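Note sheet for the following structure.
In the working numbering, the protein residues as written are 1 to 640.
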């Protein structure tokens with residue numbers, strides 16, 4: 001277990017730790033000369049555990065008390081779950097005492113132990129009066145289970161009682177969640193002669209063994225837009241100040257690492273993870289609790305574990321948030337952070353230097369649009385109420401397909417968590433890397449069918465749509481692999497049909513009458529003899545038929561995909577389209593793009609009709625126009 005100190009400068013945090021552990025946590029020469037803690041310090045206390053009947057070690061993080069070093073203090077308490085608030089008996093609560101107490105409340109510490117130091121300089125009456133004041137204050141701050149001790153580091157008064165309390169606290173510490181992978185927040189990096197590079201930090205989750213490999217996630221690399229992590233191997237481990245073969249969550253850990261990494265590239269706040277993120281996170285959705293008035297689009301500082309950045313906060317439900325209120329919000333980060341869902345953040349006002357509030361991350365990939373719709377807000381409020389990992393993953397799957405890899409990244413959990421969820425819930429299907437519920441597949445099936453029904457009513461001169469276009473119409477931003485699976489299911493169930501590359505409802509079928517069939521043979525012969533786009537009036541003239549009657553037949557032929565109208569009343573045969581599409585495919589395979597002039601040469605058509613044919617290809621999704629050229633979009637269309 002790790003306990004972080006807190007309290008005003010010169011209230012005796014470092015001396016108290018020395019009395020408890022025999023270690024001076026002020027390691028820097030400047031700290032020892034000035035008697036002032038500047039950076040984080042560490043100390044360990046050995047004890048015999050009554051619970052395990054083994055020797056254990058309790059870790060302490062000593063933080064600066066001066067307001068100038070608040071970012072260092074936040075880096076220390078940001079990775080701890082337990083804290084000791086130290087208050088000097090001869091001074092009582094001071095400005096940083098209040099600020100640190102607020103920070104501990106916002107970070108939702110699992111336990112708080114309050115130590116009134118310098119008891120040798122105060123009378124019993126003064127101690128009792130200060131304890132009564134602190135008890136009332138702690139109750140106001142929500143620390144109803146806090147325990148208060150009186151100690152003196154000068155004469156060791158009360159030290160043994162405090163030690164016993166901390167030992168009981170450590171023995172009653174909840175076991176770490178073994179469903180989560182190893183995750184360590186780096187706060188120091190240095191070279192050890194004969195060993196190499198060593199990084200230290202607090203292990204937040206999981207377990208690591210000598211010989212394992214981890215991913216190093218550097219914030220400097222994330223700032224440059226590089227999400228590819230560096231792989232390092234663990235050569236040796238120190239946990240809680242002792243050499244060991246493994247380390248677990250809630251321990252101070254020093255890892256001797258090897259790999260293609262330079263100490264100069266490491267910074268406080270970097271991470272060692274089992275599963276590195278592949279997405280750079282610069283915008284997140286959170287459940288926010290206000291400690292001061294928070295306004296929409298306010299500038300903020302965001303503190304996370306051992307690092308921090310700046311950004312802006314967008315309130316999703318109101319224009320401002322008052323003290324004590326909670327609300328949904330979206331935070332846009334100025335520089336990326338390496339985050340996991342359910343991480344807790346501390347928010348500060350960089351100008352006024354006050355603690356604005358705290359936030360819990362509930363979505364690492366918020367949508368660009370529709371963030372304030374009632375449906376989206378209902379989803380987020382339900383999501384924010386969940387704490388169990390299995391409940392959160394199941395909830396997300398009920399609303400949309402989820403990438404298995406992204407779930408592992410967003411929650412830093414073992415693959416067995418996903419496997420067990422699949423085994424226990426037969427309603428969850430897997431397609432490639434994606435998981436989804438049967439209910440989602442059924443809903444998407446119905447949506448595809450309804451969309452095609454509407455399309456057939458509106459576009460009576462076409463048989464159907466290409467697969468790529470149907471995807472854009474019905475499942476845009478959804479996994480392509482799931483859409484493909486649904487289309488195959490609909491085709492197998494004969495609810496959908498594929499006619500010469502066009503997808504349409506199986507019931508959407510037409511048949512030519514005998515006179516219409518004879519007329520079509522004449523049209524086909526004319527259009528084969530002179531392969532080019534034909535106007536209806538020219539066909540009617542060449543055949544000696546009534547133009548209006550031939551126009552109605554043209555609609556029917558287009559529905560059957562015998563011909564296609566590149567513009568109103570101008571038709572080409574399907575074979576001609578396939579021939580032109582093949583030429584386009586061959587050209588783009590060689591040159592990657594198609595100019596209008598190049599298509600004129602390929603098709604031997606005039607400029608106007610060539611452009612009409614190209615625009616038809618754009619319309620059906622076979623090509624896509626970019627500036628003054630085309631690129632191939634759906635090469636599966638118009639195949640022989």
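Beta carbons are placed, not taken as given, at the ideal position from N, Cα and C, and that holds for glycine. Quantities reported herein were computed from a predicted structural model and do not represent experimental measurements.
Of the residues assessed, residue 195 falls on the exposed side of the cut-off, its CB having fewer than 16 other CB atoms within 10 angstroms. By the neighbour-count definition (other C-beta atoms within 10 Å, threshold 16), residue 340 is a buried residue. Separation of residue 135 and residue 127 (C-alpha to C-alpha, rounded to the nearest whole angstrom) is 12 angstroms. Judged by their CB atoms, residue 271 and residue 217 are nearer to each other than the 8 angstroms cut-off.
Scanning 234, 249 and 266 for the CA closest to the CA of residue 256 turns up 234.
For residue 595, DSSP records a beta bridge to 629. Look at residue 220 here: in three-state DSSP terms it is helix. DSSP places residue 184 within a strand segment (E or B) once states are collapsed to three. The three-state secondary structure of residue 71, taken from DSSP, is helix. Non-local beta-carbon contacts of residue 293 in its own chain, meaning distances under 8 angstroms to residues more than five positions away in sequence, involve 320, 321, 322 and 323 in chain order. Taking residue 347 as reference, the option from 329, 17, 471 and 16 with the minimal CA-CA separation is 329.
Contact check for residue 223 and residue 336: beta-carbon distance about 7 angstroms, within the 8 angstroms limit, so the pair qualifies. Here residue 412 really is in contact with residue 274; their C-beta atoms are around 7 angstroms apart, less than 8 angstroms. For residue 132, the enclosing alpha helix (DSSP H) covers residues 124-140. Per DSSP, the beta-bridge partners of residue 315 are 329. Residue ranges of uninterrupted alpha helix (DSSP H) with 4 or more members, entirely inside the region 35-105 and ordered along the chain, are 70-77.
Setting aside the 5 residues that flank it on each side, residue 31 is surrounded in the same chain by 37 and 38, each with a C-beta closer than 7 angstroms to its C-beta; the list follows chain order.
Across the set 490, 187, 188 and 244, the C-alpha of 244 shows the shortest separation from the C-alpha of residue 208. About 11 angstroms separates the Cβ atoms of residue 281 and residue 311, ruling out a contact at the 8 angstroms cut-off. Per DSSP, residue 425 lies in no beta strand (DSSP E) and is assigned neither H nor E. Here the region 583-598 does not lie against the region 426-435, with fewer than 3 beta-carbon pairs under 8 angstroms apart.
About 15 angstroms separates the beta carbons of residue 117 and residue 165, which is beyond the 8 angstroms limit, so they are not a contact pair. By the beta-carbon neighbour count (other beta carbons within 10 angstroms, threshold 16), residue 521 is exposed. For residue 149, the enclosing beta strand (DSSP E) starts and ends at 147-150. The alpha helix (DSSP H) runs of length 4 or more contained entirely in the region 435-471 are, from start to end of the chain, 438-458. Within the same chain, and ignoring the five residues on either side of residue 409 in sequence, the residues whose Cβ sits closer than 7 angstroms to its Cβ are 275, 277 and 278. Within the same chain, Cβ atoms closer than 6 angstroms to the Cβ of residue 289 are found at 326, 357 and 358, the five residues on either side in sequence being excluded.
In the three-state reduction of the DSSP assignment, residue 502 falls in the strand class, which pools E and B.
In chain order, 149 place their CB closer than 7 angstroms to the CB of residue 161, counting only its own chain and leaving out the 5 sequence neighbours on each side.
In this structure, residue 186 keeps its C-beta atom at 8 angstroms or more from the C-beta atom of residue 4. Apart from the 5 residues on each side of it in sequence, residue 468 sits with its Cβ closer than 6 angstroms to the Cβ of 621 and 634 in its chain, given in chain order. In the structure shown, residue 233 falls within a strand segment according to DSSP collapsed to helix, strand and coil. Bridge partners of residue 321 according to DSSP: 294. Three or more beta-carbon pairs drawn from the region 430-448 and the region 477-493 are found closer than 8 angstroms, and the two stretches are therefore classed as touching. In this structure, 251 is the residue among 211, 251 and 214 with its C-alpha nearest to the C-alpha of residue 201. The way I'd put it, the region 556-574 does touch the region 504-516; three or more beta-carbon pairs between them come closer than 8 angstroms.
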